[in-house]
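Before any comments, here is the structure.
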Amino acid sequence: MADEGLEEWLRERMPPRGLRPKSAAVVDVLVSQPRQASFGSTSDLARLAGVNVATVTRTAQALGFAGWPALQQELRARYLSSLSAPQVAEEHHSAGSPASASLRRDLDSLALVNRRFDEDEIRAVAEAVAAARRTTVIADGSYAAVGIAFAHNARLAGYDVHAVTAGDAELANATAKLTADDVLVAISFWRLYESTVRAANEAHDRGARVFAISDAASPALAGAAERVLMVPAEGSPSFRR
1 MADEGLEEWL RERMPPRGLR PKSAAVVDVL VSQPRQASFG STSDLARLAG
51 VNVATVTRTA QALGFAGWPA LQQELRARYL SSLSAPQVAE EHHSAGSPAS
101 ASLRRDLDSL ALVNRRFDED EIRAVAEAVA AARRTTVIAD GSYAAVGIAF
151 AHNARLAGYD VHAVTAGDAE LANATAKLTA DDVLVAISFW RLYESTVRAA
201 NEAHDRGARV FAISDAASPA LAGAAERVLM VPAEGSPSFR R
């Protein structure tokens with residue numbers, strides 16, 4: 001079944017001149033069969049689209065990714081974000097202990113981060129935080145701990161960084177104080193909260209520098225952010241991110 005949000009995201013990434021018929025067939029599979037595309041291999045996707053593996057790779061590159069693994073990682077994050085918590089748990093159901101499944105998933109994610117690591121991207125965010133009068137980190141839900149750890153470690157290093165995780169009222173008050181001398185870091189994994197998008201856009205309108213850390217570059221959030229740092233955050237069902 002097609003997902004309208006997923007289809008819109010893919011269409012927005014297409015090159016101005018469009019895609020060749022075989023690559024268009026690959027995109028059609030991504031839209032119509034997101035579950036199979038999110039968890040299947042390159043050869044599985046090629047078979048569903050009626051093309052060869054090389055065409056799958058070229059399609060991913062035409063959409064702005066280094067290759068199929070990078071596209072699949074973001075596709076899966078978007079697919080899982082459209083599901084309920086029980087549905088996500090069912091998608092991750094596997095044999096073996098929850099502990100070993102979680103460790104395997106974390107090792108896979110770390111390997112992906114290592115392959116995609118861009119020192120210039122990290123340095124740009126660090127330099128912005130270091131130069132800012134004040135940095136506000138917003139994070140909600142199950143990943144609020146990421147924002148708290150970010151702010152805590154930055155304060156230990158001597159920077160004025162504070163995390164906002166306590167709801168809309170505190171977030172609105174913190175955002176209202178931002179100026180062009182400040183930085184806002186929006187952290188969003190799995191579920192994208194509307195309040196996070198509103199805060200990022202408000203900070204941008206006030207002249208603050210905005211950065212996002214996410215596992216899926218949502219257009220709603222990326223539009224306000226100067227840079228989006230992509231970090232895989234998919235966990236096993238027993239240790240949901």
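So in UniProt numbering, the last one in the sequence shown is 241, and the numbering has no gaps at all. Backbone N, C-alpha and C define an ideal beta-carbon position, used for all residues, glycine too. Note that the structure is a prediction, hence the values are computed from the model and not measured.
How far does the alpha helix (DSSP H) with residue i in it reach, from first residue to last?
{"i": "Ala144", "result": "Ala144 to Leu156"}
{"i": "Leu221", "result": "Pro219 to Ala222"}
{"i": "Ala37", "result": "Pro34 to Phe39"}
{"i": "Val125", "result": "Glu119 to Ala131"}
{"i": "Thr135", "result": "Segment Thr135 to Ile138 is the beta strand (DSSP E) holding Thr135; no alpha helix (DSSP H) there."}
{"i": "Ser82", "result": "Looking at the DSSP string, Ser82 is not in any alpha helix (DSSP H), and its letter there is neither H nor E."}
{"i": "Ala180", "result": "No alpha helix (DSSP H) contains Ala180, which DSSP labels as neither H nor E."}
{"i": "Val197", "result": "Glu194 to Asp205"}
{"i": "Val164", "result": "Run containing Val164: none in the alpha helix (DSSP H); it sits in the beta strand (DSSP E), Val161 to Val164."}
{"i": "Asp215", "result": "No alpha helix (DSSP H) holds Asp215; DSSP gives it neither H nor E."}
{"i": "Val56", "result": "Val53 to Ala62"}
{"i": "Leu45", "result": "Thr42 to Ala49"}
{"i": "Ala172", "result": "Asp168 to Ala176"}
Around the C-beta of residue i, are 16 or more other C-beta atoms found within 10 angstroms, so that it is buried, or is it exposed?
{"i": "Ile187", "result": "buried"}
{"i": "Thr179", "result": "exposed"}
{"i": "Asp181", "result": "exposed"}
{"i": "Arg78", "result": "buried"}
{"i": "Arg209", "result": "buried"}
{"i": "Ser23", "result": "buried"}
{"i": "Gly18", "result": "exposed"}
{"i": "Ile138", "result": "buried"}
{"i": "Val228", "result": "buried"}
{"i": "Pro34", "result": "buried"}
{"i": "residue 286", "result": "This structure gives no information on residue 286, because the portion of the chain shown stretches from 1 to 241."}
{"i": "Gly147", "result": "buried"}
{"i": "Leu171", "result": "buried"}
{"i": "Arg123", "result": "exposed"}
{"i": "Ala60", "result": "buried"}
Looking only at its own chain, which residues have a Cβ that is under 7 Å from the Cβ of residue i, when we skip the five neighbours before and after it?
{"i": "Ala130", "result": "Tyr159"}
{"i": "Ser38", "result": "Gln72, Leu75, Arg76 and Tyr79"}
{"i": "Ala95", "result": "Summary for Ala95: the model assigns pLDDT 47, below 50, so the residue's position carries little reliability; its value from the coordinates is reported in the next sentence. If we look at Ala95 and ignore the five residues flanking it on each side, it has no Cβ neighbours."}
{"i": "Asp168", "result": "Ser195"}
{"i": "Arg134", "result": "Asp160 and Asp182"}
{"i": "Arg58", "result": "Ser23"}
Would you grab the beta carbon distance between residue i and residue j for me? Rounded to a whole angstrom, and I think it's under 8 Å.
{"i": "His162", "j": "Thr136", "result": "6 Å"}
{"i": "Ala200", "j": "Ala225", "result": "6 Å"}
{"i": "Leu63", "j": "Val56", "result": "Going by Cβ atoms, the distance from Leu63 to Val56 rounds to 11 Å, so no, they are not a contact pair."}
{"i": "Ala128", "j": "Phe211", "result": "7 Å"}
{"i": "Asp140", "j": "Thr175", "result": "With 8 Å as the limit, Asp140 and Thr175 do not qualify as a contact, their Cβ atoms being about 14 Å apart."}
{"i": "Val183", "j": "Ala220", "result": "Wrong, their Cβ atoms sit about 20 Å apart, outside the cutoff."}
Please return the same chain residues whose Cβ sits closer than 8 Å to the Cβ of residue i, not counting the five positions on each side in sequence.
{"i": "Gly5", "result": "Arg78 and Ser82"}
{"i": "Val125", "result": "Val185, Phe211, Arg227 and Leu229"}
{"i": "Leu10", "result": "Val27, Leu30, Val31 and Leu63"}
Which residues in the same chain as residue i place their Cβ atom closer than 6 Å to its Cβ, once the five residues preceding and following it in sequence are excluded?
{"i": "Arg155", "result": "Val161"}
{"i": "Leu192", "result": "Ser218"}
At what residues does the beta strand (DSSP E) containing residue i begin and finish?
{"i": "Arg227", "result": "Arg227 to Met230"}
{"i": "Ala208", "result": "Run containing Ala208: none; DSSP gives neither H nor E here."}
### Message
I'd like to know if the stretch 70-83 and the stretch 214-231 are in contact, where contact means that at least 3 CB-CB pairs between them fall below 8 Å.
### Response
yes
### Message
Taking 8 Å as the cut-off, does the stretch 22-36 touch the stretch 44-51 (at least 3 CB pairs, one atom from each stretch)?
### Response
yes
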